[in-house]
Amino acid sequence: MAAGNVNPFNLSDSDDEAEQRAEDGVDIEKSPSDGAPGPLSNNPFSPQADAEAPGLLVSSTRTSPSVEGISVSASAAAMAETRVSVDVIAAQLIRDHYILTALEFHTELLESGRELPRLRDYFSNPGNFERQTGTPPACKDQGLGPGGPLNRAGSISTLDSLDFARYSDDGNRESDERVAVLEFELRKAKETIQALRTNLTQAAESDTQERNKNYSSHPETQEPIRPLEKRALNFLVNEYLLKNEYKLSAITFSDENDDQDFELWDDVGLNIPKPPDLLQIYRNCGSALPSPRDTVDVAVGVESGELTGNYITQKSDLLQQQQTEVVEELEYQISLLNEEKQSLADQIKKLQSEIQSLRRTVSPPPPDQGSQPNTPSSSTIPSQPPLENGQYLDIRGASEPDNPPTESNPSTQTVSNPTHTSSQPHAKLKSRGMVVFDQPNRKLSPAFQQALLSFCKMSADSRLGAEVSRIADNEESVMLMLGRCLPHIVPNVLLAKREELIPLILCTACLHPEPKERDQLLHILFNLIKRPDDEQRQMILTGCVAFARHVGPTRVEAELLPQCWEQINHKYPERRLLVAEACGALAPYLPKEIRSSLVLSMLQQMLAEDKADMVREAVVKSLAIIMGYIDDPDKYSQGFELMLLSLGDPSERVVSAIHQVFIPAFAAWTTELGNLQTTLIPSLLARIEKLLKQGEHGLDEHKLHMFLSALQSLIPPLFSVVIQNAPFTHRVNLQGDIPPIEVTRFPRPASPLQDVATIVGSRETLSALLILYDYQLEHEGTTGWDSLLWVVNQLLPQLIEIVGRINVTSTTCVHEFSRFFWRLCRTFGKIFTNTKVKPQFQEILRLSEENVDALTGNGILTKATVPIYATGVLTCYNQDDDRKLLVGFLEDVMMTLSLSHAPLDSLKASFVELGANPVYHELLLTVLWYGVVHTSALVRCTAARMFELILRGMSEALIDRRVAPALITLCSGPEFSVRISTIPAFGTIMETVTQKELLERVKMQLASFLEDPQYQDQHSLHMEIIRTFGRVGPNAEPRFRDEFVLPHLHKLALGNNVQATESKRIDIATQLFEAYSALSCCFISEELMVNHFLPGLRCLRTDMEQLSPEHEVILSSMIKEGEMKVENRGIGQAEGSVSIAASLVGEDAKTKFLSKMGQLTTSGAMLANVFQRKK
7 MAAGNVNPFN
17 LSDSDDEAEQ
27 RAEDGVDIEK
37 SPSDGAPGPL
47 SNNPFSPQAD
57 AEAPGLLVSS
67 TRTSPSVEGI
77 SVSASAAAMA
87 ETRVSVDVIA
97 AQLIRDHYIL
107 TALEFHTELL
117 ESGRELPRLR
127 DYFSNPGNFE
137 RQTGTPPACK
147 DQGLGPGGPL
157 NRAGSISTLD
167 SLDFARYSDD
177 GNRESDERVA
187 VLEFELRKAK
197 ETIQALRTNL
207 TQAAESDTQE
217 RNKNYSSHPE
227 TQEPIRPLEK
237 RALNFLVNEY
247 LLKNEYKLSA
257 ITFSDENDDQ
267 DFELWDDVGL
277 NIPKPPDLLQ
287 IYRNCGSALP
297 SPRDTVDVAV
307 GVESGELTGN
317 YITQKSDLLQ
327 QQQTEVVEEL
337 EYQISLLNEE
347 KQSLADQIKK
357 LQSEIQSLRR
367 TVSPPPPDQG
377 SQPNTPSSST
387 IPSQPPLENG
397 QYLDIRGASE
407 PDNPPTESNP
417 STQTVSNPTH
427 TSSQPHAKLK
437 SRGMVVFDQP
447 NRKLSPAFQQ
457 ALLSFCKMSA
467 DSRLGAEVSR
477 IADNEESVML
487 MLGRCLPHIV
497 PNVLLAKREE
507 LIPLILCTAC
517 LHPEPKERDQ
527 LLHILFNLIK
537 RPDDEQRQMI
547 LTGCVAFARH
557 VGPTRVEAEL
567 LPQCWEQINH
577 KYPERRLLVA
587 EACGALAPYL
597 PKEIRSSLVL
607 SMLQQMLAED
617 KADMVREAVV
627 KSLAIIMGYI
637 DDPDKYSQGF
647 ELMLLSLGDP
657 SERVVSAIHQ
667 VFIPAFAAWT
677 TELGNLQTTL
687 IPSLLARIEK
697 LLKQGEHGLD
707 EHKLHMFLSA
717 LQSLIPPLFS
727 VVIQNAPFTH
737 RVNLQGDIPP
747 IEVTRFPRPA
757 SPLQDVATIV
767 GSRETLSALL
777 ILYDYQLEHE
787 GTTGWDSLLW
797 VVNQLLPQLI
807 EIVGRINVTS
817 TTCVHEFSRF
827 FWRLCRTFGK
837 IFTNTKVKPQ
847 FQEILRLSEE
857 NVDALTGNGI
867 LTKATVPIYA
877 TGVLTCYNQD
887 DDRKLLVGFL
897 EDVMMTLSLS
907 HAPLDSLKAS
917 FVELGANPVY
927 HELLLTVLWY
937 GVVHTSALVR
947 CTAARMFELI
957 LRGMSEALID
967 RRVAPALITL
977 CSGPEFSVRI
987 STIPAFGTIM
997 ETVTQKELLE
1007 RVKMQLASFL
1017 EDPQYQDQHS
1027 LHMEIIRTFG
1037 RVGPNAEPRF
1047 RDEFVLPHLH
1057 KLALGNNVQA
1067 TESKRIDIAT
1077 QLFEAYSALS
1087 CCFISEELMV
1097 NHFLPGLRCL
1107 RTDMEQLSPE
1117 HEVILSSMIK
1127 EGEMKVENRG
1137 IGQAEGSVSI
1147 AASLVGEDAK
1157 TKFLSKMGQL
1167 TTSGAMLANV
1177 FQRKK
């Protein structure tokens, strides 16, 4: 068997087991107690054959040079004793069905440390304990009787998986039983796999030998590669790529062979040792002669007596070909022995270190040199199996201070070759000063002293014991020890404290000499915590950056990047977040080619595919860092597409990150390329214009906001380009006193990267530039200032033209452009705004009096240019002159639009945008007072309409002091149109104000409109009042609604029944229907329901019967529901606060209403909002 299957704990030298192994054809070496010469059988480094695969070891055609592949000679088998072995006894007990006796025998063997494979296999096989019929089993190998097995009962368990605790009174143990069954099935599956692999190995070896014969006779033919050969070659190729730092190629190769585990040679599927690596195979394949060295007699060849006559008469070329095969076989053996030699050399290094540590702990009197047994010659060393890295030696029996130990004790045998020690890299350890201990003046023999010390409870048999007994003497030894121990330490540390291991892991990964171990340590680092939180991720990233600074870009690319790539699709978002952040943190330490290709592609993939907002946010920030270090101009278009992709992200945090980090970094790179004014900004403007052309019937406001917000984030970089490329830059003097920049000089930046001072370098530099900038604009002009002339002559005209094409009724668009112009003007300064921006707007708007009558040719006043100029440009600065200019502009617009009978949408948009800020309430009231006292009734009507737009959010004191008197003044005028225009404003006051005195004044004014005979025939007044009641009634004070609104609606409905003009009757009826539908969501008392609400609905139904039958059906349902509510008032109080207007045309209102009630889970106070009419 291969060395990898040696059982290191099967060290018994029992005669019974030796005889049993001899019977099974096992290749054994007798112990001295049996009188057979040779090495001790209890040597843990000698091959222990497995009795379960005798056929494999008996074969003499094996190509491996290992001694364990040589069959036992007939003479050695004859020397075995002939007494009955324990295996025969076990077989007899099983044949005679003495199961309990066999079980007891098996238990005793286990307790004595001598497990018998036959009994182990029998008691671990569940088929041996299924119920059977017929005669008892009497087959040769635990076979079944003629009756065969029955179906296995669910309650029958095997002896090794039986859980006796399940039959106790402790309660239900179903889960424990299930675990036990699964563990048993797993163990059996592993044993089955091992048996199959053994058979596969035998078949593969025989098949290989057959193919070798065929190839020898027909070398021109070559069979296709077989699956096992392919897996073995794949493993060697992957190992070669990893050893030679081709990590990315190895990752790709592994992805293309995802059905194979390249971490384990056992996954290939053969029970043979791993062959040499590709480099060793290449070096040995072309050598004609073996290198001169000590050889080993491996009994290769045939006896002459075994040759037949036909064979002797074969052609000489066939004999030469066979000799060539023998030479090749010997060369292969030599290569394996060279590997063995290297492995033994490694063990010698370990022994040297162990000896030094043992000398410091146990120091018996050194015996004479002559008493030491002879060191085994180098010819005996290759007989030891290769030792894998990480296998340890037991050094408790090697305490001699001067020479390497060669004696063997009952548990271990150490082997050393002095010819190797001088070439070891750790030979310098011998130069350390010897630690000398006081020796007692005693005459104890070394053997007695060693036996005496053996009673000290020290353990070097285990992995941990071997590490503890060995103290590192230099830095490299420390790194090797940490590399071995850390993989065992990490899983046993609490998750909450694993970040404490980060320095240890990183230090070891930096300094460890083995690439494979470094890769394993970095893998542990990235998998240290299942779901790392922010602090833990910061610790890992800090460590990664420190690692990168220490090892350089080549190792960062080869060792850290593959770890990121492996976890790019991890199921936990925290791990993907770590990858995204690591790409940004490592960007400064990567080769520039990798930075702009692989890392950029990784982040682009995560941005497009990852579903977690926080991961995409981190990706955007890392992309920004990449943009700060990239220097490949060809990647500009890719960066622009990434910006657009991020701007369209549905997550606000991702969009915020793009404005705060990515766009400033991308703009800085674009500025260096000279593309900011020539490419980036024009590209965004072109997309806005294209959007406006496509959205003539419906503008995509989201995309417009996306592009415009990107332009707004580019204003600070644009201003930096202007002042850094100005004619005065050579005059900047940072010496002397530089005045500080005013706090309000620039808008508050969204992030430090959008701060102009950060972009230009420092606040001192910016202050000096601003002084020269203002002086240049005010006194010297813009001649030769190309960057500023581009802003004045190209950017501003294009923006003003775009503004004139947006929909003025879109509050969102007006607000976005207003904020853009406000930031642009505040960033470029007051002088620039007054001399460059305002003149261009004023030229377009043309507000001179001679153009009033020709407004048809000046339709720009009805566009969004008016509100954007008023709110985005004229509000940038708040000095008295600026406020007067704004007031004058609004007054002129109000007058011009009113006298020209033009739409008031642009003026309304201006008042809505300015009214949202309480700072401008006084200013707006000043403008409106100008309209209140204007001589034209048209202007006064416009002023009355504007009051409604600014009342929401205005203080009650200001309403009481300035708004109410102005409205009453308007009502006192002779024009009915002016009075009617004040009704919406009075309604808004009733809806928003709580001051009783003010409410009473408004109530009296509205009552005069309804009760004064002069207004009885004013159809437009009645329409406005009913519309206002429907709008403010649900939100007005309940007392006002009950005592004023409902009774007057009843009167208006009753009066509409006798309206002679059909057109006026249908207009009033339609408005009444809307008002009643809105008021039905409110709580209405039984008295009001009977006296006003239901009578009003009946009057309205009378009108609808003749004018609109579809409305009549709904009104009938509403009346019916109201009547039922009155009747059932004592039963269901909660129903009184529920709307009765939820019925649909053609559907029974009661059924619909009750079905809605059954779905509600809200409180009674919230029911009114459920049925509220959309405005």
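Mapping the sequence shown onto my numbering, position 1124 (from 1) lands on 1130, and the numbers just tick up by one.
Cβ coordinates follow ideal geometry from the N, Cα and C atoms, glycine included.
- By the neighbour-count definition (other C-beta atoms within 10 Å, threshold 16), residue 831 is a buried residue.
- Judged by beta-carbon spacing, residue 1070 lies within the 8 Å limit of residue 1025, meaning their Cβ atoms are closer than that value.
- When only Cα atoms are considered, residue 917 and residue 1055 end up about 32 Å apart.
- Membership of residue 696 in the alpha helix (DSSP H) is indicated by the continuous run 687–700.
- The DSSP assignment places no complete run of the beta strand (DSSP E) inside the segment 881–948 (cut-off: 3 residues).
- A buried status is given to residue 788, since no fewer than 16 other beta-carbon atoms sit within 10 Å of its beta-carbon.
- By the C-beta criterion, the segment 899–911 is judged to be in contact with the segment 933–952, since at least 3 inter-stretch pairs fall below 8 Å.
- With a cutoff of 8 Å on beta-carbon distance, residue 1033 and residue 998 are scored as not near each other.
- Residue 233: member of the alpha helix (DSSP H) spanning 233–249, first to last residue.
- In the displayed model, residue 1021 falls within a helix according to three-state DSSP.
- Boundaries of the alpha helix (DSSP H) harbouring residue 635: 619–635, taken from the DSSP string.
- Here residue 818 is actually not in contact with residue 911; their C-beta atoms are around 15 Å apart, not less than 8 Å.
- Around the beta carbon of residue 291, fewer than 16 other beta carbons sit within 10 angstroms, so the residue counts as exposed.
- The alpha carbon of residue 984 has as its nearest neighbour, out of 1049, 909, 444 and 938, the alpha carbon of 938.
- Residues of the same chain with a CB within less than 6 Å of the CB of residue 994, apart from the 5 flanking positions on each side, are 954 and 957 in chain order.
- By the 16-neighbour rule on beta-carbons within 10 angstroms, residue 722 is buried.
- Taking 8 Å as the cut-off, the beta carbon of residue 657 is found no closer than this to the beta carbon of residue 706.
- In this structure, the straight-line span from the alpha carbon of residue 269 to that of residue 509 is close to 26 Å.
- The count of Cβ pairs closer than 8 Å, one atom from the segment 595–602 and one from the segment 276–290, stays below three, leaving the stretches out of contact.
- By the Cβ criterion, the segment 787–805 is not in contact with the segment 673–681, since fewer than three pairs of Cβ atoms, one from each stretch, lie closer than 8 Å.
- Annotation for residue 812: no alpha helix (DSSP H) segment contains it, and DSSP assigns it neither H nor E.
- When 190, 764, 250 and 243 are compared, the shortest CA-CA separation from residue 259 is found for 243.
- The criterion of a C-beta distance shorter than 8 Å is satisfied by residue 823 and residue 714.
- The Cβ atoms of residue 605 and residue 632 sit closer than 8 Å to each other.
- DSSP places residue 728 inside the alpha helix (DSSP H), whose first and last residues are 721–730.
- Scanning 1094, 346, 739 and 996 for the CA closest to the CA of residue 1132 turns up 1094.
- Per DSSP, residue 571 is one residue of the alpha helix (DSSP H) stretching across 567–572.
- The continuous stretches of alpha helix (DSSP H) do not include residue 960, and DSSP gives it neither H nor E.
- For residue 1124 against residue 1075, the beta-carbon gap comes to about 14 Å, at or over 8 Å, which does not count as contact.
- Following the DSSP letters along the chain, one finds residue 643 inside the alpha helix (DSSP H) bounded by residues 642–653.
- Per DSSP, reduced to three states, the secondary structure at residue 252 is coil, with no helix or strand assignment.
- If you check the CB distance, residue 934 and residue 966 do not come in under 8 Å.
- Residue 774 is positioned such that its CB atom lies closer than 8 Å to that of residue 739.
- Judged by DSSP in its simplified three-state form, residue 846 adopts helix.
- In the displayed model, residue 765 falls within a helix according to three-state DSSP.
- Distance from the CA atom of residue 996 to the CA atom of residue 1059, rounded to whole angstroms, is 22 Å.
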